[in-house]
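What follows is a set of notes on a single structure, which appears directly below.
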Amino acid sequence: MASNDNREIELKMALGPEGREQLITSKLLAQLTPTRMALGNRYFDTPDGQLRTHRLALRLRKGEGDCLIQTLKSVGTSSGGLSQRGEWQWPRDSDQLDLAALKQLAAQHSALAPLADDSLLEQLQPLFSTDFERLAYRIPWQQAIIELAIDHGSIVVGEQRRVINEVELELKQGEPEALWSLAAVVVKEAPMRPSDTSKASRAGALISPQALDDSLPEAPDALLEAAIAALDYAEDERGSHHGNEVALQALQKLDIRYPELGGDRLIEALSQPDWQQQTQVGIEMLGLINRLSAER
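Here is the structure:
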């Protein structure tokens, strides 16, 4: 049986090329002992990506304890690296999906309604995998408990591979404000920046490649989200200049229309040729996210 609906709240950061070692040896983490896990994940969908269309992610994971863990994640919200979504998980004693549990959940939650379709369930098959080492630190922070996880490994879709090199701050107990507070400390320790693209979404982009949408929105929040999405795109396209250009164009439009937000400092930091090796982009981007939040 699946567990009760839990709300997953996490903040994701993409690490710079040397960021992992810098973060592990930083003042924040050097004196802490992490839990080290080798996580292997198989993600399931129909051949035509029906789960992806409905923004559902289904996986089997090994590496957390003695048994496999089946996890289902539903559509949620993502902004400035912070995502909130439904998550259900339960142990499995074999590498076969528990389809009955999926149907039961579909009857209880409208966001999961596609899983009530027997024909869809029958088509589910592993489409891609993610394999990575996770260093998980449990950090008490401002009356909250936060897991800081450093992930390093690969997304594998057929013969295609993409590097996983990221930090996730997941709220285990307490209020989301604590995530932002800890993130403000973490970004000063190593090169990183907020990222909105999940591992499953990155794999989906390899399965069904799409061109970057370079049309720019009008709202300030949406402009910053467009910049983050463009940087995510550039990273997976292995240094796409177009992605970096779109990110700068979005930030320049934001700065022209809302100069009081101080976006010019982020533009200057992102314009440096070695910005991925510096902490300033992450610091300025997180500050801009917080200033936009205060304006709401």
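At position 267 of the sequence shown the residue is numbered 290 (the numbering used here), and the sequence of numbers has no breaks. Ideal Cβ positions, reconstructed from N, Cα and C, are used throughout, including at glycine. Please read these numbers as outputs of a predicted model, since none were measured by experiment.
Identify the continuous beta strand (DSSP E) that holds Glu189 and give its terminal residues.
As a working note, residue 189 is residue 166 in the sequence shown. Looking at the DSSP string, the run of the beta strand (DSSP E) that includes Glu189 is 183-196.
Which residues in the same chain have their Cβ closer than 6 Å to the Cβ of Ala37, if we skip the five residues on either side of it in sequence?
Residue numbering aside, residue 37 sits at position 14 when the sequence shown is read from its first letter. Only Glu189, Arg216, Ser218 meet the Cβ criterion.
Could I get the ranges of all uninterrupted beta strand (DSSP E) runs contained in the stretch 41-127, with 3 residues as the minimum, in chain order?
The qualifying runs are 58-68, 80-85, 91-102, 105-115.
So the alpha helix (DSSP H) Glu145 belongs to, where does it begin and stop?
On the sequence shown, residue 145 is found 122 positions in, with the first residue counted as 1. Run containing Glu145: 141-146, per the alpha helix (DSSP H) assignment.
Leu274: which of Ser204, Ile251, Ala167, Gln295 sits nearest, CA to CA?
As a working mapping, residue 274 is identified with position 251 in the sequence shown. Considering only alpha carbons, the answer is Ile251.
Flag this pair as yes or no: are the beta carbons of Leu138 and Asp68 separated by less than 9 Å?
As a working mapping, residue 138 is identified with position 115 in the sequence shown. As a working mapping, residue 68 is identified with position 45 in the sequence shown. Contact: no.
Using three-state DSSP, classify Lys35 as helix, strand or coil.
Taking the first residue of the sequence shown as position 1, residue 35 is located at position 12. Correct three-state label for Lys35: strand.
Using CA atoms only, rank isn't needed, just tell me which of Pro240, Asn64, Asp259 is closest to Gln233.
Sequence index remark: in the sequence shown, residue 233 carries index 210 (1-based). Minimum Cα distance to Gln233 is reached at Asp259.
Span of the alpha helix (DSSP H) holding Gly266?
Locating residue 266 in the sequence shown gives position 243, counting from the first residue. Its alpha helix (DSSP H) spans residues 264-280.
Does the Cβ of Gln165 have 16 or more other Cβ atoms within 10 Å, making it buried, or fewer, making it exposed?
In the sequence shown, residue 165 corresponds to position 142, counting from 1. The residue in question, Gln165, is exposed, as its Cβ has fewer than 16 Cβ neighbours within 10 Å.
Can you grab the Cα-Cα spacing for the pair Ala129 / Gly72, in whole Å?
The residue you call residue 129 lines up with position 106 of the sequence shown. The residue you call residue 72 lines up with position 49 of the sequence shown. Roughly 18 Å separates the two Cα atoms.
So, is Gly181 buried or exposed, given that buried needs 16 or more other C-beta atoms within 10 angstroms?
For the purposes of this step, residue 181 is taken as the residue at position 158 of the sequence shown. The residue in question, Gly181, is exposed, as its Cβ has fewer than 16 Cβ neighbours within 10 Å.
Once DSSP output is grouped into helix, strand and coil, what is the label at Ile312?
What you label residue 312 is simply residue 289 of the sequence shown in a count that begins at 1. Three-state result, Ile312: helix.
Can you tell me where the beta strand (DSSP E) with Glu170 in it begins and where it stops?
Position 147 of the sequence shown, counted from the start, is the residue given in the question as residue 170. Run containing Glu170: 167-180, per the beta strand (DSSP E) assignment.
Measuring alpha carbon to alpha carbon, tell me which residue in Tyr160, Asp116, Ala123 is nearest Thr48.
Translated into positions along the sequence shown, residue 48 becomes position 25. It is Tyr160 whose Cα lies nearest to the Cα of Thr48.
So who's on the other strand from Arg161, going by DSSP bridges?
Position 138 of the sequence shown, counted from the first residue, corresponds to residue 161. According to DSSP, which records beta bridges pairwise, Arg161 is partnered with Glu170.
For my contact list, Ile168 and Gln196 are in at a C-beta cut-off of 8 Å; report their separation, rounded to the angstrom.
Position 145 of the sequence shown, counted from the start, is the residue given in the question as residue 168. Position 173 of the sequence shown, counted from the start, is the residue given in the question as residue 196. That pair is a contact at about 4 Å.
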